[in-house]
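Engineer: Sequential numbering from 0 applies to the sequence shown in numbering that gives the first Met the number 0.
Each residue gets a CB set at the ideal place from its N, CA and C atoms; glycine is no exception.
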Amino acid sequence: MNKPNFGLSFEFFPPKTAEQKAALLATQTKLRALSPEFFSVTFGAGGSTIGATAETVLELNTHDTPKVIPHLSCMGGTPDEIKALLQQYIDNGITEILALRGDVPSGMGSVGYFRYANELIEFIHKTYPGVFKITVGCYPEVHPETLTFETEIKYFKQKVDAGVDRAITQFFFNPDAYFNFVEHCEKAGIETPITPGIMPITNFANINRFCGFCGTDMPRWLKYKLQSYGDDRRSMQQFGTEFTIKLCQQLLDQGVPGIHFYTLNRSKATLDVVKGLS
Ligand SMILES: Cc1cc2nc3c(=O)[nH]c(=O)nc-3n(C[C@H](O)[C@H](O)[C@H](O)COP(=O)(O)OP(=O)(O)OC[C@H]3O[C@@H](n4cnc5c(N)ncnc54)[C@H](O)[C@@H]3O)c2cc1C
0 MNKPNFGLSF EFFPPKTAEQ KAALLATQTK LRALSPEFFS VTFGAGGSTI GATAETVLEL
60 NTHDTPKVIP HLSCMGGTPD EIKALLQQYI DNGITEILAL RGDVPSGMGS VGYFRYANEL
120 IEFIHKTYPG VFKITVGCYP EVHPETLTFE TEIKYFKQKV DAGVDRAITQ FFFNPDAYFN
180 FVEHCEKAGI ETPITPGIMP ITNFANINRF CGFCGTDMPR WLKYKLQSYG DDRRSMQQFG
240 TEFTIKLCQQ LLDQGVPGIH FYTLNRSKAT LDVVKGLS
């Protein structure tokens, strides 16, 4: 496959079993061939994967490229624990972090020491001045806990002003939501590049569930179309790939800074989409 001429990045989660680990290693080998700008590795809620994220990051970081960006959330422990983790990353040449509030684990009434991503970012810059580049998440269709679109922009700006180099969106299906968000960010004086986060459609039940808790709007026509395939997963995936190619192409044609794929540790759907892009 020809190497794409736009910025690509791929998100993985830390594997829990030996089988999952083998699958991730195979996936990253295939996706590495596309010369992505970076891989990123998620951070589990409740601090449960504080070690697992670092372990996966260090394992993926054994090649010169691409760089590997660990996610770090406010659920990552005490300031001292977060400081130690950051030092471990510095010692291994990792100086970019995807900083998040994280999702409050069910059953826990409150979040960690830091309440919002901007506080974590301020801590990172204060603890290691000038060391880390920071990426953050953002929500063109509005974060589920945010009450208004204006508040979304307001807190996003506050986060960016804490010292951010790039933002990646929550996954979406409607490109207008992305373009509208970017336009409002520009009006608010936010200059940080906003990379669309894209989740290839491989499993209707799963993606529909993710939409539920991420606040992503799945258009009714798309939901009905995906449902109509019933048990015919192959045809559903084929349609899903065609849909995702069109979405990404529309975004690229409008000059987005790159595309970040939520891979769920699988390569096929992402490779099929990238192959279909001109
Ligand atoms: C690219 C990407 C990667 C992700 N990776 C992970 C991951 O690895 N692990 C994980 O657990 N989750 C991950 N998530 C999910 C994310 O953690 C959740 O969506 C979380 O609920 C919000 O995190 P945030 O950093 O965007 O929050 P924040 O920017 O802190 O915002 C959280 C909520 O608080 C509001 N808010 C922000 N600042 C203030 C303030 N000062 N006062 C009052 N309200 C405020 C916001 O409007 C929003 O409703 C990811 C999301 C994205 C887009």
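Considering Leu99, what are the terminal residues of the beta strand (DSSP E) in which it resides?
Structural biologist: Glu95 to Leu99
Engineer: With a threshold of 16 other CB atoms inside 10 Å of the CB of Ser227, please say whether the residue is buried or exposed.
Structural biologist: exposed
Engineer: Any chance the CB of His124 is under 6 Å from a heavy atom of ligand 2?
Structural biologist: Absence of ligand 2 from the depicted structure is noted, with ligand 1 being the only ligands included.
Engineer: Along the chain, where does the alpha helix (DSSP H) containing Arg233 start, and where does it finish?
Structural biologist: Arg232 to Asp252
Engineer: Going by DSSP, which residues form a beta bridge with Glu10?
Structural biologist: Partner(s): Ser39 and Tyr261.
Engineer: Exposed or buried, Gln19, counting other C-beta atoms within 10 Å across all chains shown (16 or more means buried)?
Structural biologist: exposed
Engineer: Have a look at Leu276 and Glu80 and give me their C-alpha separation to the nearest angstrom.
Structural biologist: If you take the alpha carbons of Leu276 and Glu80, they lie about 42 Å apart.
Engineer: Tell me where the alpha helix (DSSP H) around Val272 begins and ends.
Structural biologist: In the DSSP assignment, Val272 falls within the alpha helix (DSSP H) that extends over Lys267 to Lys274.
Engineer: Tell me which residues share the same chain as His183 and place their Cβ nearer than 7 Å to its Cβ, disregarding the 5 neighbours each side in the sequence.
Structural biologist: If we look at His183 and ignore the five residues flanking it on each side, its Cβ neighbours are Ile152.
Engineer: Quick check: what's the CA-CA separation for Gly46 versus Cys247?
Structural biologist: Because the pLDDT at Gly46 is just 46, under 50, the model does not fix this residue reliably, and the point stays unresolved.
Engineer: Is the beta carbon of Ala166 within less than 6 Å of some heavy atom of ligand 1?
Structural biologist: Every heavy atom of ligand 1 is 6 Å or more from the Cβ of Ala166, so no.
Engineer: Which word fits Pro139, buried or exposed, when buried means at least 16 other C-beta atoms lie within 10 angstroms of its C-beta?
Structural biologist: By the 16-neighbour rule on beta-carbons within 10 angstroms, Pro139 is buried.
Engineer: Report whether the distance from the Cβ of Arg100 to the nearest heavy atom of ligand 1 is below 6 Å.
Structural biologist: It does: the Cβ of Arg100 is within 6 Å (strictly closer) of some heavy atom of ligand 1.
Engineer: Can His142 be considered in contact with ligand 1, in the sense that its beta carbon sits closer than 6 Å to one or more heavy atoms?
Structural biologist: yes
Engineer: Just to confirm the assignment: which complete beta strand (DSSP E) runs, minimum length 3, are found wholly within the region 151-239?
Structural biologist: 165-168
Engineer: Between the beta-carbon of Phe180 and the beta-carbon of Thr215, is there less than 7 Å?
Structural biologist: no
Engineer: Is Gly76 near ligand 1, going by C-beta to nearest heavy atom under 6 Å?
Structural biologist: no
Engineer: On the DSSP bridge assignment, give the partners of Ile133 in chain order.
Structural biologist: Ile96
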